[in-house]
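Enquirer: Below is a structure I'd like to ask you about.
Number of protein chains: 2
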Amino acid sequence: MTRAEDAKLEPNKAQSGVSQYSETLDGLFGYHLKRATNVLQLDLKHALKPFDLRMLTYTALVLIVDNPGLRQSQLAEAMDVERPNMVVIIDTLENRKLIIRDRVPTDRRAYALNATLAGRRLCEKATMAVKQHEERLLHQLSPEMRQTVIAALTLIRKVGGGVAP
Amino acid sequence: MTRAEDAKLEPNKAQSGVSQYSETLDGLFGYHLKRATNVLQLDLKHALKPFDLRMLTYTALVLIVDNPGLRQSQLAEAMDVERPNMVVIIDTLENRKLIIRDRVPTDRRAYALNATLAGRRLCEKATMAVKQHEERLLHQLSPEMRQTVIAALTLIRKVGGGVAP
DNA sequence: AAAAATGGTTATCAGATATAACTATTATCA
DNA sequence: TGATAATAGTTATATCTGATAACCATTTTT
């Protein structure tokens with residue numbers, strides 16, 4: 005949560021000016037992870053703004069485009085979002101005619117979610133924009149470095165994935 | 005946001021069962037970052053629960069302990085939190101007598117934040133717990149891998165730090 | 001001395017997230 | 001088969017985080 009890069013040059017100058025620094029936080033992996041995620045998420049927000057999408061609506065749209073016929077409960081599980089919260093996300097996408105709730109013939113309780121042509125087009129454009137924004141932030145990282153990081157992040161997810169209540 | 009590791013084994017089985025998968029999301033660096041951060045943050049939450057601290061209160065406490073005399077506005081800036089939101093965080097820490105708002109003799113508008121003995125002790129214990137929890141999630145990552153990841157995350161922060169509005 | 005800027009506060013709002021309770025339908029099994 | 005349980009989706013609601021506007025007291029600027 006901080007922006008104290010310069011602090012490293014001059015630690016513990018809290019009284020004087022702008023620089024705060026914490027050895028403790030700097031020693032926590034999660035702290036660095038969180039800060040970088042914030043940066044990337046803020047950037048994502050701006051990347052999606054022209055399309056009037058937010059992170060959650062964009063993610064839902066992508067998953068529906070990539071998984072035609074998906075049901076709401078599956079989508080909710082895939083996004084780690086509670087079903088009640090999923091409803092409003094689907095609602096906004098449906099109201100914009102980016103997706104439709106088709107009925108499932110074999111189960112009249114469920115909806116099969118499908119993207120419309122407009123939805124697929126918007127999804128494609130938005131994804132291009134997101135990738136461009138990401139590239140701007142990541143251009144300093146070599147492909148190998150990126151792969152290492154992604155591998156590490158995937159490992160963390162695997163370890164912690166099913167542990168917490 | 006998803007938990008679709010197994011999806012990689014069998015992509016595009018949305019209709020059948022539990023596995024959803026998105027090439028698109030998987031190609032986004034920020035997606036992996038966000039998912040891993042969620043895991044780590046959930047873990048952090050549990051690690052801090054015994055101390056009745058949440059991420060923001062913990063972070064604030066650490067920064068005050070590591071930067072005695074810090075002012076609220078400096079802390080807010082360091083945490084990327086708006087000043088109004090900082091107030092309630094400081095309030096809860098002060099109510100628990102973990103910190104005190106000392107007056108700044110040279111500026112009667114400002115408060116100099118200082119941790120109490122109890123605050124420093126709780127901070128130390130909480131940090132030990134957080135580190136233990138982190139270690140459990142990161143034990144698969146070699147020290148070199150961790151360093152690479154942290155270096156990458158720091159780079160991202162540097163690039164994106166001052167760009168977004 | 002007047003005007004502008006700063007530190008902290010209050011009130012308020014939007015977004016994300018979590019839970020309980022409801023309906024309609026489907027699945028279970030005695 | 002018929003009662004019961006489970007599931008898909010919904011509504012309503014509460015909490016937490018995050019952001020903005022407006023305010024008071026004080027300091028700085030001019």
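The listed protein sequences derive, respectively, from chains A and B. If you read the first sequence in the working numbering, its first letter stands for residue 5, the second for the next number, and so on. If you read the second sequence in the working numbering, its first letter stands for residue 5, the second for the next number, and so on. Think of the CB as a built atom: it goes at the ideal place given N, C-alpha and C, for glycine as much as any other residue.
(1) Please report how far the alpha carbon of lysine 49 of chain A lies from the alpha carbon of threonine 61 of chain A, in whole angstroms.
(2) Applying a beta-carbon distance threshold of less than 8 Å, which residues of chain B neighbour arginine 39 of chain A?
(3) Output the distance between the C-alpha atoms of glycine 21 of chain A and glycine 31 of chain A, rounded to the nearest integer angstrom.
(4) Can you say whether threonine 110 of chain A is buried or exposed, counting buried as having 16 or more other CB atoms within 10 angstroms of its CB?
(5) Apart from the five residues on each side of it in sequence, which residues of its chain come closer than 7 Å, Cβ to Cβ, to glutamate 86 of chain A?
(6) From asparagine 71 of chain A to arginine 112 of chain A, what does the alpha carbon distance come to, in whole angstroms?
(7) If you draw a straight line from the C-alpha of proline 54 of chain B to the C-alpha of glutamate 98 of chain A, how long is it?
(8) Hey, would you say leucine 145 of chain A sits closer than 7 Å to alanine 156 of chain B, going by beta carbons?
(9) Which term fits serine 77 of chain A, buried or exposed, when burial requires 16 or more other beta carbons within 10 angstroms of its beta carbon?
(10) Let's test the definition: count the other Cβ atoms within 10 Å of the Cβ of arginine 125 of chain A and tell me whether it reaches 16, buried, or not, exposed.
(11) Determine which residues of the segment 101 to 131 of chain B have a Cβ less than 7 Å from any Cβ of chain A, and write them out in chain order.
(12) List, in chain order, every chain B residue whose beta-carbon is nearer than 8 Å to that of asparagine 42 of chain A.
(13) Name the one or two DSSP bridge partners that leucine 117 of chain A has.
(14) With distance defined between alpha-carbon atoms, name the residue in A/Leu29, A/Ile154, A/Ile68 and A/Leu141 nearest to alanine 122 of chain A.
(15) Can you tell me which of A/Asp56, A/Met83 and A/Met90 puts its alpha carbon nearest to the alpha carbon of arginine 100 of chain A?
(16) Quick check on glutamate 179 of chain B - is its C-beta less than 7 Å from some C-beta in chain A?
(17) Spell out whether any CB of chain A is found under 7 Å from the CB atom of phenylalanine 33 of chain B.
Expert: Concretely, from the data shown:
(1) Distance between the alpha carbons of lysine 49 of chain A and threonine 61 of chain A: 11 Å.
(2) Near arginine 39 of chain A (Cβ distances below 8 Å), the residues of chain B are Leu157 and Arg161.
(3) Unreliable positioning characterises glycine 21 of chain A in this predicted model, as indicated by a pLDDT of 36, which lies under 50. The coordinate reading is nonetheless provided below. Taking the straight line from one Cα to the other gives about 23 Å.
(4) It is exposed - the Cβ of threonine 110 of chain A has fewer than 16 other Cβ atoms within 10 Å.
(5) Counting only residues of its own chain and dropping the five nearest sequence neighbours on each side, glutamate 86 of chain A has a CB closer than 7 Å to the CB of Ala80.
(6) Computed Cα separation, rounded: 20 Å.
(7) Going from the Cα of proline 54 of chain B to the Cα of glutamate 98 of chain A covers about 43 Å.
(8) In this structure, leucine 145 of chain A places its C-beta atom within 7 Å of the C-beta atom of alanine 156 of chain B.
(9) Exposed: under 16 other Cβ atoms inside 10 Å.
(10) The residue in question, arginine 125 of chain A, is exposed, as its Cβ has fewer than 16 Cβ neighbours within 10 Å.
(11) If the cut-off is 7 Å between Cβ atoms, the segment 101 to 131 of chain B has Thr131 near chain A.
(12) Chain B residues near asparagine 42 of chain A: Asp84.
(13) Partner(s): A/Leu74 and A/Arg105.
(14) Looking at the Cα atoms, A/Ile68 is the closest of the given residues.
(15) Check the Cα spacing between arginine 100 of chain A and each of A/Asp56, A/Met83 and A/Met90: the tightest is with A/Asp56.
(16) Residue numbering for chain B in the displayed model covers 5 to 169; residue 179 of chain B lies beyond these limits and cannot be assessed.
(17) Closer than 7 Å to some Cβ of chain A, the Cβ of phenylalanine 33 of chain B qualifies, so yes.
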